[in-house]
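Novice: Quick one: the structure is below, questions incoming.
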Amino acid sequence: MDNITIQGQDFPPGSSGMVRINAGRLPSGNRISIFTYIFRSKNPGPTALILGGMHGDEINGVEIVSRTISDNFFGNLTSGSVIVIPLLNIFGFINYSRDVPDGKDVNRSFPGNMNGSLASRVARMITKKILPLIDFGIDFHTGAKDHWNYPQIRYSPKFLPSKELALKCKYELLVEKSVLSKSFRKIAKDYKKPIIIFEGGEALRLDPFVIDKGLKIIKNLLSSYSMISNVPIQAQKCKIYQKTVWQRAPDSGICSYHRISGEYVKKGELLALIHDPFAQREIKMLATRDAFILGHNNASVVNSGDGMFHLAYEEEIIQYA
1 MDNITIQGQD
11 FPPGSSGMVR
21 INAGRLPSGN
31 RISIFTYIFR
41 SKNPGPTALI
51 LGGMHGDEIN
61 GVEIVSRTIS
71 DNFFGNLTSG
81 SVIVIPLLNI
91 FGFINYSRDV
101 PDGKDVNRSF
111 PGNMNGSLAS
121 RVARMITKKI
131 LPLIDFGIDF
141 HTGAKDHWNY
151 PQIRYSPKFL
161 PSKELALKCK
171 YELLVEKSVL
181 SKSFRKIAKD
191 YKKPIIIFEG
201 GEALRLDPFV
211 IDKGLKIIKN
221 LLSSYSMISN
231 VPIQAQKCKI
241 YQKTVWQRAP
251 DSGICSYHRI
261 SGEYVKKGEL
271 LALIHDPFAQ
281 REIKMLATRD
291 AFILGHNNAS
301 VVNSGDGMFH
311 LAYEEEIIQY
321 A
């Protein structure tokens, strides 16, 4: 087993530690560093990346990854290595924002450029310093502001190692999602390294249910690779959804929700009622198909065309061994 070297610091087998990757400065002059933890077993095995905070306001992901450190998940690795980054986009985090201060999205800036925008520079640091070291990874995300996602794992249907990685999580809900141009998943796929996405909860709001699901998924994944000895908590089967669609608000007004994420709906069932503030009209929002609700809008006041319910359909059921 070779040493893992990050920022000029060597980590031989059996060692652990933390390095700070310089991410620049605030306008005040304060340095910003990306805290990166490394845990290594003495026994050979794969190197996993556990990543949170690609988007600065997605704090469920930050908390999930942070808990793995505070709860000493990786203190007794039986094989392999784990690189843990609880918070990548520090600039967005301190501004309660998805993006960096110039409005650019780190997850649309890969592979990045050290002479490019701030988002591009952050992306380049991960592409150059972390991606070559890993074999696979899981990237933790949440829904956008006022959008709650039922905890789910997303993988690329056209990259078989991505599906295989998702199935190793032994989780009940998987969703096929093609990789987006200039995303972390896209550049990782170009490197032939699978990255899966965990989506759960909404931006700027901690959710114990989501956090618990995320922590169990990490344990299951590492246990599947015999990297930890913890007894995994496994689902008996999973449902893989191959297609998704947003059902949008038919009108503007005040919305009362009758269905939420995690529920199944039949075509024609009532999803929500939208009425104006003056009690002059009321619109029923009915499900356009049989589907599982992956995510829903939590906003009480909506505009015509707003994404209200993220519906998943065309399912495949897989029994876990």
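Each residue of the sequence shown is one higher than the one before, counting from 1 in the numbering used here. Every residue gets a Cβ at the ideal spot worked out from N, C-alpha and C, and that includes glycine.
1. Kindly indicate which three-state DSSP category M125 falls into: helix, strand or coil?
2. Using DSSP bridges, identify the partner residues of G201.
3. Using the three-state DSSP reduction, which class does L271 fall into: helix, strand or coil?
4. So, are the CB atoms of F35 and M18 less than 8 Å apart?
5. Using the C-alpha atoms, what's the distance from I254 back to A279?
6. Assign H141 to one of two classes, buried (16 or more other C-beta atoms within 10 Å of its C-beta) or exposed (fewer than that).
7. Just mark Y322 as buried or exposed, buried being the case when its beta carbon has 16 or more other beta carbons within 10 Å.
8. Which residue's Cα is closest to the Cα of L49: L271, K266, P277, L165?
9. Could you check how far apart the C-beta atoms of L173 and C238 are, in whole angstroms? I think they sit under 8 Å.
10. Do you know offhand how far D306's Cα is from D10's?
11. With distances taken between CB atoms, is the gap from I64 to I38 smaller than 8 Å?
12. Tell me the residue span of the beta strand (DSSP E) that contains E315.
13. Can you grab the Cα-Cα spacing for the pair G137 / G103, in whole Å?
14. Alpha carbon to alpha carbon, how far is V265 from I21? Give it in angstroms, no decimals.
15. Look up I187 in the DSSP assignment and say whether it is helix, strand or coil.
16. To the nearest angstrom, how far is it from the Cα of I69 to the Cα of S178?
Specialist: Answer, in terms of the structure:
1. Counting from one through the sequence shown, the residue named residue 125 turns up at place 125. Here M125 sits in helix by DSSP.
2. Within the sequence shown, numbered from 1, the residue matching residue 201 stands at position 201. According to DSSP, G201 bridges with N149.
3. As a working note, residue 271 is residue 271 in the sequence shown. Note: L271 maps to strand in three-state DSSP.
4. Start at 1 with the first residue of the sequence shown, and residue 35 comes out as number 35. Start at 1 with the first residue of the sequence shown, and residue 18 comes out as number 18. M18 sits close to F35, with the two beta carbons spaced by under 8 Å.
5. Here residue 279 refers to the residue found at position 279 of the sequence shown. Here residue 254 refers to the residue found at position 254 of the sequence shown. The straight-line gap from Cα to Cα measures roughly 10 Å.
6. Reading the sequence shown from its first residue, position 141 is the one you call residue 141. H141 should be labelled buried.
7. Outside the shown range of the chain, which is 1 to 321, sits residue 322, and nothing can be said about it.
8. To locate residue 49, count along the sequence shown from 1; it is residue 49. Among L271, K266, P277, L165, the Cα nearest to that of L49 belongs to L165.
9. Taking the first residue of the sequence shown as position 1, residue 173 is located at position 173. Taking the first residue of the sequence shown as position 1, residue 238 is located at position 238. Going by Cβ atoms, the distance from L173 to C238 rounds to 7 Å, so yes, they are a contact pair.
10. Counted from its first residue, the sequence shown places residue 306 at position 306. Counted from its first residue, the sequence shown places residue 10 at position 10. Their backbone Cα atoms lie some 50 Å apart in a straight line.
11. On the sequence shown, residue 64 is found 64 positions in, with the first residue counted as 1. On the sequence shown, residue 38 is found 38 positions in, with the first residue counted as 1. No.
12. For the purposes of this step, residue 315 is taken as residue 315 along the sequence shown, with counting starting at 1. Per DSSP, E315 belongs to the beta strand (DSSP E) from 307-319.
13. What you label residue 137 is simply residue 137 of the sequence shown in a count that begins at 1. What you label residue 103 is simply residue 103 of the sequence shown in a count that begins at 1. Going from the Cα of G137 to the Cα of G103 covers about 26 Å.
14. Taking the sequence shown and counting its residues from 1, the one referred to as residue 21 is at position 21. Taking the sequence shown and counting its residues from 1, the one referred to as residue 265 is at position 265. Straight-line Cα distance between these residues: approximately 47 Å.
15. Counted from its first residue, the sequence shown places residue 187 at position 187. Annotated three-state conformation of I187 is helix, per DSSP.
16. For the purposes of this step, residue 69 is taken as the residue at position 69 of the sequence shown. For the purposes of this step, residue 178 is taken as the residue at position 178 of the sequence shown. Their Cα atoms are separated by approximately 31 Å.
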